[in-house]
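**Student:** Going by this note's numbering, the letters in the sequence shown line up with residues 2 to 377, in that order.
Backbone N, C-alpha and C define an ideal beta-carbon position, used for all residues, glycine too.
Computed from a prediction, not measured in an experiment: that's the story for all the values here.
Quick one: structure below, then a few questions.
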Amino acid sequence: MLPLALLAGVATQLRAEEPRPAATTDFAGLILHLSEDPGKFHSDNFVSNEPGYPSAIEGLRALGIHGGAYIGVGPEQNFSYLAALQPERAFVVDIRRENTVQHLMYKALFAAARNRLEFLELLLSRPPPNAPEGESSRAAMSVQELLTAVDSRGASMKACEQTIDSVSARIEENFGFPLTDKDRVTLRHIHSAFAEAGLSIHYSSPKAVKQEPTLRELMLARDTYGNHVHFLASEKDFQFVKQLHARDRIVPVTGDFAGRQALRKAGEFVRDRGEVVSAFYLSNVEQYLRGAQYAAFVENVRRLPLNDRSVLIRCAFEKPTQRLPGDHSEQADGQFWPHALLLQRAQRFVELYDEGAFLTHEDLARQDYLDWTSGR
């Protein structure tokens, strides 16, 4: 779930505190070309708070959604969707400049890490002393073995400082992205939070009324067949995302779903390459788009290069009248997280909107979702 401040019209625009130097690579130039002015936020979206993502991945696989271009929002949950969809490219569009900085941090960590274990060592500043030796043994680690290895040692703040310095240098020197002083403060805040909390890090909001799922719980989440589908649960999935990053195919963008630039230009970029958007992960951003804001969002979806298989992935927190195929309202590790990850054909969504079918956000969670469980 994404915070209220992600919304068009609600987010307060921040004035640039310093001149933005130019990008020095095509990758960084594309980020700046697509991005809009950022907005304020009241939450730290360090990790996702949607542990039901395995249901959506199960649905995507059952429906045969694969390849194309992906658009998403938020932090690391996008990597699990990418591993499942295997797209040609991805754009992660979020109104928070902090999200762009966090994804650049991830890109630097993917570049530095040879495998999942090294990635978690760098992310959490926890070099585990009892890790298996050799690439083959590390690649074969189960997700529980991976977590146990990382848990075997506390954080090294010296390692944290070294990683912050190396990540900053890689972002500017290798990726060609010009970090501002505020970006550097943001990077330090994000990476230090991962070092301090470790696998217990979670989505943080001052208005939270319950404990959100931790990174550990997100990594251990399973689909209905009992499979772990987090991108760090499989070395193969990790390596796919790593290669996408190496090819500069995961582009973080500061942008508004109801804005005039980010989604439109990303769609034009995809169309110019003869591709279509196979999946657009919305989280629950729609919940806060009202009136003209929502109309602008629908128009942005309409302009995307879509086909009859393109899907929207949305998170619904309303209590449905019946159990939905992506429902995750269940007990997990002592916590209760009622929500559903729903899939809908993108073109059908636009058609229904034009027909006036969506009068409330609750209508989105009750109409026209795809049931991939039929026939079981």
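Select from G73, F47, K108 and N46 the residue whose C-alpha is nearest the C-alpha of F176.
**Tutor:** K108
**Student:** Alpha carbon to alpha carbon, what distance is there between Y295 and R154?
**Tutor:** 47 angstroms
**Student:** For L343, which beta-bridge partners are listed by DSSP?
**Tutor:** R315
**Student:** Would you kindly work out how many angstroms separate the C-alpha atoms of S284 and V74, rounded to a whole number?
**Tutor:** 7 angstroms
**Student:** Kindly indicate which residue of A141, D95 and D238 has the alpha-carbon position closest to the one of E287.
**Tutor:** D95
**Student:** Given a threshold of 16 other Cβ atoms within 10 Å of its Cβ, counted over all protein chains shown, does R248 qualify as buried or as exposed?
**Tutor:** With fewer than 16 other Cβ atoms within 10 Å, it is exposed.
**Student:** Could you tell me the alpha carbon to alpha carbon distance between S157 and L110, rounded to whole angstroms?
**Tutor:** 17 angstroms
**Student:** Between the Cα of P306 and those of D273, D182 and G292, spot the shortest distance and give me the residue it belongs to.
**Tutor:** D273
**Student:** Answer yes if the segment 216 to 223 comes into contact with the segment 47 to 58, meaning at least three C-beta pairs across the two stretches below 8 angstroms, and no otherwise.
**Tutor:** yes
**Student:** Excluding five sequence neighbours on each side, which residues of the same chain lie with their C-beta closer than 8 angstroms to the C-beta of L125?
**Tutor:** These residues qualify, in order along the chain: V151, A156, F195, A196, G199 and L200.
**Student:** Take W373 and list the residues in its own chain whose beta-carbon comes closer than 8 angstroms to its own, dropping the five residues that flank it on each side.
**Tutor:** So the list reads E59, G60, A63, L64, P326 and L344, once near-sequence residues are dropped.
**Student:** Which whole runs of the beta strand (DSSP E) in the segment 237 to 261 are 3 residues long or more, in chain order?
**Tutor:** 251 to 255
**Student:** Under the three-state reduction of DSSP, which class applies to F111: helix, strand or coil?
**Tutor:** helix
**Student:** Does the contact criterion of 3 or more C-beta pairs under 8 angstroms hold for the segment 173 to 192 versus the segment 23 to 34?
**Tutor:** yes
**Student:** Check whether the segment 84 to 101 and the segment 243 to 263 are in contact - that is, three or more C-beta pairs closer than 8 angstroms.
**Tutor:** Counting Cβ pairs under 8 angstroms, three or more are found: they touch.
**Student:** Among F298, Y282 and G292, which residue has its Cα nearest to the Cα of V1?
**Tutor:** A query on residue 1 cannot be resolved here, the shown segment of the chain reaching from 2 to 377 and no further.
**Student:** Can you tell me which of the three DSSP states G40 falls into?
**Tutor:** strand
**Student:** Would L86 and R117 qualify as a contact pair, given that the criterion is a beta-carbon distance under 9 angstroms?
**Tutor:** no
**Student:** Assuming H231 contacts S81 under a Cβ cut-off of 8 angstroms, what Cβ separation, rounded to an integer in Å, is found between them?
**Tutor:** 5 angstroms
**Student:** Helix, strand or coil for G199? Go by DSSP, reduced to three states.
**Tutor:** helix
**Student:** Which residue wins for smallest C-alpha separation from A160, given the options E119, G69 and V144?
**Tutor:** E119
**Student:** Confirm, please, whether the CB-CB distance from A317 to H340 is below 9 angstroms.
**Tutor:** At a Cβ-Cβ threshold of 9 angstroms, H340 and A317 count as neighbours.
**Student:** Give me the residue from L342, L365 and L245 with the minimum Cα distance to A70.
**Tutor:** Comparing Cα-Cα distances from A70 to each of L342, L365 and L245, the minimum goes to L245.
**Student:** What did DSSP end up calling G30 once you bin it into helix, strand or coil?
**Tutor:** helix
**Student:** What are the boundary residues of the beta strand (DSSP E) that includes R90?
**Tutor:** R90 to D95
**Student:** Once you ignore the five residues that flank S279 on each side, which residues in its own chain have a CB closer than 8 angstroms to its CB?
**Tutor:** I66, H67, G68, G69, A70, Y71, L86, P88, R310, S311 and V312
**Student:** Drop a sphere of 10 angstroms on the beta-carbon of E356, count the other beta-carbons inside from all chains shown, and report buried for 16 or more, exposed for fewer.
**Tutor:** exposed
**Student:** For a test of the three-state rule: what should DSSP assign to L118, helix, strand or coil?
**Tutor:** helix
**Student:** Report back the beta-carbon spacing between M106 and L188 to the nearest angstrom; my notes put them in contact at under 8 angstroms.
**Tutor:** 6 angstroms
**Student:** On the three-state DSSP scale, how would you describe I165?
**Tutor:** DSSP places I165 in helix when its eight states are reduced to three.
**Student:** What's the call for V302, buried or exposed, on a 16-neighbour Cβ count within 10 Å?
**Tutor:** V302 counts as buried, since no fewer than 16 other beta carbons sit within 10 angstroms of its beta carbon.
**Student:** To the nearest angstrom, how far is the alpha carbon of G40 from that of E218?
**Tutor:** 29 angstroms
**Student:** Could you round the C-beta distance between L83 and A267 to whole angstroms and report it? I think they count as a contact, below 8 angstroms.
**Tutor:** In fact, because the Cβ distance is near 15 angstroms, the residues do not count as touching under 8 angstroms.
**Student:** I need the boundaries of the beta strand (DSSP E) containing A234, first residue and last residue.
**Tutor:** Segment: none, A234 is in no beta strand (DSSP E) and carries neither H nor E.
**Student:** Mind checking S235: buried by the 16 CB within 10 Å criterion, or exposed?
**Tutor:** buried
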